[in-house]
Each structure stands twice: as structure tokens, then as C-alpha cells.
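Undergrad: Sharing a structure below in C-alpha cells format, with a few things to ask.
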Amino acid sequence: MASELCPGAGKQVWPELLGAQASVAVATIRRENANVRPVVIPEGSVVTADFRCDRVRVWVKGSIVSRVPGIG
């Protein structure tokens, strides 16, 4: 879905980061797509429902990525 809403945005989903350390995930996302800003969010947090092509939410439980990071 993100690819349809954010054409030309570069890499948009990082399934390989599920289960990784948050710091590794953030560094990988920054390295692979300079057009987005990774934002670490603890599971259970309340977030806005807006969709942004320049943001990747990195959901974590403790310091481990708990959802597949993707643009949104």
C-alpha cells in the first residue's frame, strides 16, 4: 500500500528487521533510505493516524523490533 501512496520513495518496508535491536533497525533504515526518518515507538503507545511518506515507525518491545517497520 505504501508504494502506491509514496511513489519514488525508495525502500519502504523492512521485514528483515523484525526481531532486531532497535538501534540496528534505525541505522539500517537510515542507511537504506535517506528520505525517511525512523521513529522508535514502544508497544502500547498511542500515535496519530496520519500517513507520512517520510516516516517509518519502528515499534519495539523493550529494545526489540516487534512489528515490521514500514513507511506510514
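Heads up: the sequence shown begins at 1 in the UniProt record's numbering, then just goes up one per residue. Each residue gets a CB set at the ideal place from its N, CA and C atoms; glycine is no exception.
1. Specify the secondary structure class of Arg67 as computed by DSSP and reduced to three states.
2. Please list the terminal residues of the continuous beta strand (DSSP E) segment that includes Val56.
3. Measure the Cβ-Cβ separation of Leu18 and Val68 and say whether it is below 7 angstroms.
4. Using the Cβ count rule (16 or more neighbours within 10 Å means buried), how would you classify Gly44?
5. Given that a residue counts as buried once 16 or more other Cβ atoms are within 10 Å of its Cβ, and exposed if not, what is Pro38?
6. How about Ile29 and Val56: are their beta carbons less than 7 angstroms apart?
7. Identify whether Arg30 lies in helix, strand or coil by the three-state DSSP scheme.
TA: Short version:
1. Look at Arg67 here: in three-state DSSP terms it is coil, with no helix or strand label.
2. That run of the beta strand (DSSP E) goes Arg55 to Lys61.
3. In this structure, Leu18 sits near Val68, with a CB-CB distance shorter than 7 angstroms.
4. By the C-beta density criterion, Gly44 is exposed, having fewer than 16 other C-beta atoms within 10 angstroms.
5. A buried status is given to Pro38, since no fewer than 16 other beta-carbon atoms sit within 10 Å of its beta-carbon.
6. At the C-beta level, Ile29 and Val56 come within 7 angstroms of one another.
7. Three-state DSSP puts Arg30 in a helix.
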